[in-house]
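The structure under discussion appears below in the form of structure tokens.
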Amino acid sequence: MKKRESRAFVVVGKSEAKVDGRGLVTGRPMFVADVDVSDALVIKMLWSPYAHARIASIDTADAERMPGVACVLTHKNTPATRHTTAGQGFPEPSPYDARMFDTKVRFVGDRVAAVAAETEEVAERALAAIRVEYEELPAVLSIDEARRPGAPIVHDESDATGIYDPSKNVVADVDIDVGDVAVGFGESDLIVETTCETQYAQHTPIETHVVLASLDADDRLVLRTSTQVPFHVRRIVAQTLGIPVHRIRVVKPRIGGGFGVKQEVLLEDVAGWVTLQTRRPALFTLSRREEFTSSRTRHPMRVRVKVGVKKTGLVHAIEMEAVSNTGAYGAHGLTVLANTGSKTLPLYNKAENAHFFGQAVYTNLPVGGAYRGYGATQGYFALETAMDEAAERLGLDPIEFRLRNAIRTGEGSPIFAKLGEGREGVSQTVKSCELERCLEVGAERIGWTSARSKKERRGSWVHGVGMSIMMQGSGIPEIDMGAATIKMNEDGSFNLLVGATDLGTGSDTILAQIAAEVLGVPLAKILVTSSDTDVTPFDVGAYASSTTYVSGMAVQRAAEKVREQILGVAAPMLGVSTERLALRSESVIGEAGASVSLSRVCQRAMYETDQFQIAATASCVPSESPPPFLANFARVAVDTDTGVIKVLHYVAVVDCGVAINPRLAEGQVEGAIVNGIGYALSEEMQFSSRGRVRNPTLFDYKIPGALDIPRIDVVLVDSYEPTGPMGAKSVGEIGINGPIPTIANAIYDAVGVRLRQTPFTPERVLEALQRV
Amino acid sequence: MAVHQIRSVVRPATLEEAWECRRSEPGASRFLAGGIDLVLYVPPTVSTLIDLSCLGIDAVRQEGSDVVMGAMATLTEVLESPLVGEFAGGFLRDVLRRVASPLQRNVATLGGAVVRAHPWSDVIPALLVLDAQLDVFDGRRSTVELSEVRARSESPSPLVLTVRLPGASCDGRGAFEKFARTGFDVGVLNCACFAIIERGLCRTARVAVGGTPSVARRLPRVEETLVGKPLSASQIALAAQTAAGVVDVRDDRRATAEYRRVLTAVGVRRCLENLAGLGSEVKE
Amino acid sequence: MRIHLTVNGTGRTWEVAPGDTLLDVLRREGFAGVKKGCGTGDCGACTVLLNGRAVNACLVLAVKAEGHTVVTIEGVAQGGRLHPVQEAFLEAGAVQCGYCTPGMVLSAVSLLSHNPDPSEAEICEAISGNLCRCTGYVKQIAAIERAAARMRESQ
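Chains as they are written, first to last, in this note's numbering: chain A, 2 to 773; chain B, 28 to 311; chain C, 3 to 157.
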């Protein structure tokens, strides 16, 4: 019945064009640096050349004397508050281990000093004039080095808080149990164990980090910034600079992609401080090189999965151990680690025994952060490799094996309650799961039965098909919050004010669609203003696949409140009680065809009788996080001469509940898949023996271009999530988890080689082929 | 980003003027063609650029049996030229379509590609196997071998006016293999082969391998195994094996020497198979 | 140095430094639709048309535009009417964050002006220097196909 309702939508479920699309295709000045910045100071940063060193002395006198230099910032003249750069709910689960400028540098690319000058050229000359004496310290450049007894300590400062065990370089430690895995493995008929490692990877939004700081007429600090988390930016900048929240306004215009790397406060503190000190606008932009060396990365991980399976084909016990390299600071260290287990293990809920444990460790390498998939991506590589291997050894088709073991509608997993966002989670029962249908559709699209295990050879190329399944979440239950305000105008249009942060995903559009649906108006009558801390209600921002589910529900509730007010005004106009009224086609419809237009209703409320502003605000703090589900299939060709992998066809079948805007939902999955293919095949930050990034350019850090994409089919299956706005769940992150295990399993199908280290570069593949 | 150290750009109207500008300030001046490489890196001493765009050296034309390509022709202009499309079965056109992206091919000039000769250059191996020559000017005009101008060390090196594809190569066929990490990338190795086949035997055979990671060089010992022989499977295998043995490869961040050696054999073999009509690379 | 050029149909005379790139100058002069993503020709966000050909504005010295015509994204729509490529990008859902969009649109406009009926492979080649991290290119390729078909119909 619920599903039938979903087909009755008027605006929801339609692939409306993006509300901001016209401005974007015509190149209107919509991004941070598109306003006039000619009077702004230019900020440039001096970055550490060492992986680990103390700053013995720093002399900025020559730089400060240079004409055109407005100020030079170092640890000597800036606030020393320890904080986290991670833009998370308060109190943050990440340790307070960062300072604006510290007396110690912890990776090549760490902050040393900043210059604000009239031009970039002057700023760069001033940077060159800063004299720094470093006392170089021994560095730890890998997980193993960091964990070695007696290893150099990355965070030996006394004022950091929230670090699990700084003396052992351990940022975070997670250990949860369900049942008893030791017993479970003993009772199992088959044990499969695999260890998979993932690499350092960078988000590479095409717009790098950028912020423009200025003072308004009341001398308040205005930060126009490329961020996913405007409200967290306001809070963290206030905390870092020691100024009240009400003296800061954060505005997020359009932003050029985020993928998690802009869930971080990386530039705003410095730009804000420069503007407060100089009373001048200040522009701080990361170069592409700096984006690689000094922003954030995906946490590299080593994940070991051990699976115990009964002869019946049921998974009886699963153990996952994850060790995460969080780099020099602990931003998202705990939560990414926890998600590696919490977003993966509930998928196989038939296992009565489960154990997840692991640590996030500091190293003197670039800093891990939030990156689409958020730990689940790393976890699924090992988990879905192990499941593929288990199915093979049982002689079961991997699809059949997944069907026997995967979670279904009406079921829960004890993991949901045991493991949450770096703390205990929230118990939940899955209310919508169309995985079976996803598998069925996907298998058909890829031609599973005809292609599987054929090892078809054409010249040096061998073909194979592989698959994997996964889930993610929809927001962080009992933590995330979104709010929306809607007010009505006398022409029957509405202003929708949301703190939700459209980072290119189209959330402004889908939130407007939800409002339009409730209010019975076309999309054009919803005017969206998003992400301005002075104007819009609070929202945690765009992360954790939360916006559609959490902010969307807030919008739906606000719209329902406004609808009630409208009906209340219209009832006396139509002479019937509100229960007998409906909102549709920009009118309130009464009985026997009587109706009154929305504009008349609002005119009455504004100008005529019992005047008031029709408006409402509503919030949503979800009590659960319904997982979207995804079945992935890939057909690949392996060149046995060179080790080159070509993905020929990729099929992703998704259960995201009702897709509020199917085309935008498809776009989320397509983009995530291609990003995931890059992560699987070509993207890798390389380091010198002294911790310097060797390939900090798009010339040598290879992300996929249009020539690299396979045929991609994204299918959204019919589904309805009863707790979601209009039946919706999330779709933003899940797709990126698929390519690594799916391609790895397809390679195995083709050539019988299991790859356990990403990326699957030709050289690595060839080496693996030569080993068999 | 702006190249702040550049203080002047001059635009001479004659070869003599251009040469005089360059010769009088060898350290402080550079010729400006498409300009891509100069935007990305200018030696610290350089402050004057000599723009070659008014010298009338941008046409592609036939000269006798030769095809003569102006140094200031963009790679796009070269690859779209019907003369180039008809030369050696369109080999050079096909190679140029694998160079960078159209955005760069619309700016980069043939002369710039020849003079800069990046280690990963795809243009150089293609021109080497076509036996291309350069018409140059250093106060007087002369014609030199492509390999010769690159071997010279005098400063400044002469101004390249045109790249000449000798008519003798027109009836041959070329094949090119590039191994790259993505479709828009420089190769971790590239390989070009060219042959003129008469009565089933190679009258001429040229093989060049580049991105080793050094810029492409011909491999005469491989060529010797082919001349006078048919492009049979066993000859191809011998040539590929010889190439892997003689190629000078090194590690860099893109690939190891060992892997480059493997690619050399595969690349030479595939190119020769392609020339023999035995095309092996089938993907779908 | 002074340069004379035509930008989006209007003659301009600008004072530029000899080492300025076309990207520096266009953004300084208010053409904010020209984006900077890398400054090294690796991403294509700064794509403009120079004499009808798509180029990386970050790799072209401004002085090289002397006497030439430049089209930026601001000059693609005519009199408030979107170009068929822009329309198709909107309709096909080819825009996500929109930062690569100006460059992508201009590469497509350049392609279609030289090749009205491109194959999918030719479309991919034409936009191969324009990186997009949001869309996975699927809908961008579809949009260019759609625009090509529409432009052929209206011929």
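For glycine and all other residues, C-beta sits at the position ideal for the given N, C-alpha and C.
Rounded C-alpha distance that separates residue i from residue j
i                : j                : result
aspartate 611/A  : glutamate 208/A  : 50 angstroms
alanine 31/A     : valine 97/C      : Correcting the residue type first, residue 31/A is methionine in the shown sequence and not alanine. If I take the Cα positions, the gap works out to 14 angstroms.
glycine 54/B     : alanine 140/B    : 21 angstroms
alanine 98/B     : leucine 42/B     : 13 angstroms
serine 92/B      : alanine 195/B    : 8 angstroms
threonine 1/A    : arginine 297/A   : Within the shown structure, residues of chain A are numbered from 2 to 773, placing residue 1/A beyond reach of any answer.
serine 148/B     : valine 556/A     : 55 angstroms
valine 70/A      : aspartate 166/A  : 42 angstroms
isoleucine 511/A : methionine 106/C : 24 angstroms
aspartate 750/A  : valine 50/C      : 45 angstroms
methionine 3/C   : proline 20/C     : 6 angstroms
cysteine 434/A   : serine 451/A     : 27 angstroms
glutamate 300/B  : valine 293/B     : 10 angstroms
is_contact[residue i, chain A] using C-beta, thresh 9 angstroms
i              : result
aspartate 44/C : yes
valine 289/B   : yes
arginine 30/C  : yes
leucine 11/C   : Note that residue 11/C is glycine in the sequence shown, not leucine. No, glycine 11/C does not count as interfacial toward chain A.
glycine 304/B  : no
serine 35/B    : no
Residue-level contact to chain B via CB, residue i, 9 angstroms cutoff
i               : result
lysine 703/A    : yes
proline 367/A   : no
leucine 92/C    : no
serine 112/C    : yes
glutamate 122/A : yes
glycine 41/C    : yes
arginine 154/C  : no
threonine 228/A : no
Residue i CB to nearest heavy atom of the ligand GTP below 8 angstroms
i            : result
serine 531/A : The ligand GTP is not part of the structure shown, which contains no ligands of any sort.
Residue-chain proximity (residue i, chain C), Cβ-Cβ < 9 angstroms
i                  : result
phenylalanine 58/B : no
glutamine 131/B    : yes
arginine 99/B      : Reading the sequence as shown, one finds methionine at residue 99/B and not arginine. Not an interface residue.
glycine 210/B      : yes
glycine 28/A       : yes
Integer Cβ distance of residue i from residue j, believed to fall under 8 angstroms
i                : j              : result
lysine 205/B     : arginine 125/B : 5 angstroms
isoleucine 75/C  : threonine 27/A : 7 angstroms
serine 301/A     : tyrosine 201/A : The sequence given here places proline at residue 301/A; serine does not occur at that position. About 5 angstroms separates the two Cβ atoms, so the contact holds.
isoleucine 470/A : alanine 407/A  : 6 angstroms
aspartate 158/B  : leucine 186/B  : Actually they do not touch by this definition, with Cβ atoms about 22 angstroms apart.
valine 236/B     : leucine 246/B  : 6 angstroms
CB contact below 9 angstroms: residue i versus chain D
i               : result
histidine 145/B : Of the protein chains in this structure, namely A, B and C, none is chain D.
Exercise. Relative to chain B, which residues along the region 705-720 of chain A have a C-beta separation below 7 angstroms, given in chain order?
Worked result: Answer in chain order: Pro705, Gly706, Leu708, Asp709.
For this session: Quick one: which residues of the region 124-138 of chain C get their C-beta closer than 8 angstroms to a C-beta of chain A? List them in chain order.
Result: Residues of the region 124-138 of chain C whose Cβ lies closer than 8 angstroms to any Cβ of chain A, in chain order: Ile125, Cys126, Glu127, Ile129, Ser130, Gly131, Asn132, Leu133, Cys134, Arg135, Cys136, Thr137, Gly138.
Problem set entry | Within 7 angstroms of chain B by C-beta, residues of the region 663-695 of chain A in sequence order | Cβ proximity to chain B below 7 angstroms picks out Ser683, Gln687, Arg695 from the region 663-695 of chain A.
Exercise. Using a Cβ cut-off of 8 angstroms, which residues of the region 58-84 of chain C contact any Cβ in chain A, in chain order?
Worked result: Closer than 8 angstroms at the C-beta level to chain A, one finds these residues of the region 58-84 of chain C: Thr74, Ile75, Glu76, Val78, Ala79, Leu84.
Problem set entry | Segments assigned alpha helix (DSSP H), at least 4 residues, entirely inside the region 733-758 of chain A | Listed in chain order, the alpha helix (DSSP H) elements of length 4 or more contained wholly in the region 733-758 of chain A are 740-752.
For this session: Could you name the residues of the region 170-182 of chain A whose beta carbon sits closer than 9 angstroms to any beta carbon of chain C, in the order they occur along the chain?
Result: Cβ contacts with chain C: none found.
For this session: Report the residue ranges of all alpha helix (DSSP H) runs contained in full by the region 19-45 of chain C; include only those spanning at least 4 residues, in chain order.
Result: If we require 4 residues or more, the alpha helix (DSSP H) runs fully inside the region 19-45 of chain C come out as 24-30.
Problem set entry | the region 207-224 of chain A: positions lying closer than 8 angstroms to chain C by Cβ | For the region 207-224 of chain A, which is checked against every Cβ of chain C, the residues closer than 8 angstroms are Ile207, Glu208, Thr209.
Exercise. Residue ranges of each alpha helix (DSSP H) run of no fewer than 4 residues wholly in the region 50-112 of chain A, ordered along the chain?
Worked result: At a cut-off of 4 residues, the continuous stretches assigned as alpha helix (DSSP H) that sit fully inside the region 50-112 of chain A are 62-66.
Exercise. What are the start and end residues of each continuous alpha helix (DSSP H) run of 4 or more residues lying completely inside the region 432-468 of chain A, in chain order?
Worked result: Taking only runs of at least 4 residues, the alpha helix (DSSP H) segments lying wholly in the region 432-468 of chain A are 436-447, 449-452.
For this session: Output the residue ranges of the alpha helix (DSSP H) runs that lie fully inside the region 358-423 of chain A and measure 4 residues or longer, sorted by chain position.
Result: Fully enclosed alpha helix (DSSP H) runs of no fewer than 4 residues occupy 377-395, 399-406, 415-419 of the region 358-423 of chain A, in order along the chain.
Exercise. Of all the beta strand (DSSP E) runs that stay within the bounds of the region 273-361 of chain A, which reach a length of 3 or more residues?
Worked result: Qualifying beta strand (DSSP E) stretches, in chain order: 283-286, 302-310, 316-328.
Problem set entry | Chain-ordered residues of the region 241-260 of chain A with a beta carbon less than 9 angstroms from chain C | Within the region 241-260 of chain A, the residues whose Cβ lies closer than 9 angstroms to some Cβ of chain C are Arg255, Ile256, Gly257, Gly258, Gly259, Phe260, listed in chain order.
Problem set entry | Every unbroken alpha helix (DSSP H) inside the region 84-145 of chain C [4 residues or more] | Taking 4 residues as the minimum length, the alpha helix (DSSP H) runs contained wholly in the region 84-145 of chain C are 86-94, 103-116, 122-128, in order along the chain.
For this session: Report the residue ranges of all beta strand (DSSP E) runs contained in full by the region 182-270 of chain B; include only those spanning at least 3 residues, in chain order.
Result: DSSP runs (the beta strand (DSSP E)) wholly in the region 182-270 of chain B: 186-192, 200-207, 214-225, 228-237.
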